[in-house]
Amino acid sequence: MLAQHGFMIEPLSEEEVDDFGYTHLEGAKASIAKDVITLTSYQILEKLAISFGLAQSVKLGVFERTVEQTIQETRSIPERMARDGKIRLRRAAITKRIGQLFVDRASINLHSDILDHPEFFWENDEWLSLYVRASKYLEIDRRTEVLNKRLDIIKELFDMLASEMNQNHSNKLEWIIIILILIEVFFQVFQLVLDHFY
Numbered sequence: 001m002l003a004q005h006g007f008m009i010e011p012l013s014e015e016e017v018d019d020f021g022y023t024h025l026e027g028a029k030a031s032i033a034k035d036v037i038t039l040t041s042y043q044i045l046e047k048l049a050i051s052f053g054l055a056q057s058v059k060l061g062v063f064e065r066t067v068e069q070t071i072q073e074t075r076s077i078p079e080r081m082a083r084d085g086k087i088r089l090r091r092a093a094i095t096k097r098i099g100q101l102f103v104d105r106a107s108i109n110l111h112s113d114i115l116d117h118p119e120f121f122w123e124n125d126e127w128l129s130l131y132v133r134a135s136k137y138l139e140i141d142r143r144t145e146v147l148n149k150r151l152d153i154i155k156e157l158f159d160m161l162a163s164e165m166n167q168n169h170s171n172k173l174e175w176i177i178i179i180l181i182l183i184e185v186f187f188q189v190f191q192l193v194l195d196h197f198y
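Each residue of the sequence shown is one higher than the one before, counting from 1 in UniProt numbering.
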């Protein structure tokens, strides 16, 4: 329904959901514990402060799922290399995967607001501590760090594959040069024989 009315651009193929209960307790401290959000008032800004943390968590969940899919897709590559001693991917496929990793990392670290405090808190700093508590509960910083480490490991795999493919390409070029030199030597010897006997 939201997509039909133009509220969503490029919606996800699968929904990402963080499910929490909530309660209102006057006089208590607003918090999140045991997947229950405790609100102390009916103020929209209090709900918004927690919502920013929830939105970042959901966005991070999408990235986590994408990276997990990449890990599952690439899991067999090192196993096949260990078993067969060969790389069964083409250079273009490896280059595309490396490019996609850079896109994913840029989306997480540069183009998204996962690592930043939303601008809302510049003018509403009284709600910043609630947002920070929500972010800590949702482990935004730790999850982002883990996600980056997983991306590093995948990148190392593809860098190694690219290096191996470059080495194989260099070896092929060396053999081509050796064969061309041998052909040249053969023609020179053949020319000497022709010149000597005729």
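Idealized CB from N, CA, C, for every residue including glycine.
For residue i, the first and last residue of its enclosing alpha helix (DSSP H)
i      : result
Tyr131 : Leu128 to Tyr137
His117 : Per DSSP, His117 belongs to no alpha helix (DSSP H) and is neither H nor E.
CB contact flag (residue i, residue j, <8 Å)
i     : j      : result
Leu54 : Asp104 : no
Ile44 : Met165 : no
Leu60 : Arg143 : yes
Leu75 : Glu16  : Sequence inspection shows Arg at residue 75; the Leu mentioned does not correspond to that position. In this structure, Glu16 does not lie closer than 8 Å to Arg75 by Cβ.
Ala49 : Leu130 : yes
With 16 other Cβ atoms within 10 Å as the buried cut-off, status of residue i
i      : result
Thr23  : exposed
Phe52  : buried
Ser170 : exposed
Ser57  : buried
Ser163 : exposed
Phe121 : buried
Ala30  : buried
Ile183 : exposed
Trp175 : exposed
Ser135 : buried
Val67  : buried
Ile179 : exposed
Leu173 : exposed
Ile32  : buried
Leu25  : exposed
Leu138 : buried
Boundaries (first-last residue) of the beta strand (DSSP E) holding residue i
i     : result
Gly21 : Gly21 to His24
Nearest-angstrom Cβ-Cβ length linking residue i and residue j, presumed shorter than 8 Å
i      : j      : result
Phe158 : Leu101 : 7 Å
Leu161 : Ile94  : 5 Å
Ile98  : Phe63  : Rounded, the Cβ-Cβ distance is 18 Å, inconsistent with contact.
Ile77  : Ile154 : Between Ile154 and Ile77 the Cβ distance is about 10 Å, and since that is not below 8 Å, they are no contact.
Leu128 : His117 : 7 Å
Minimum length 4: unbroken alpha helix (DSSP H) runs contained in the stretch 30-114: 44-74, 76-84 and 91-109
Going residue by residue through the stretch 168-195, where are the continuous alpha helix (DSSP H) segments of at least 4 residues, counting only ones entirely within it? none
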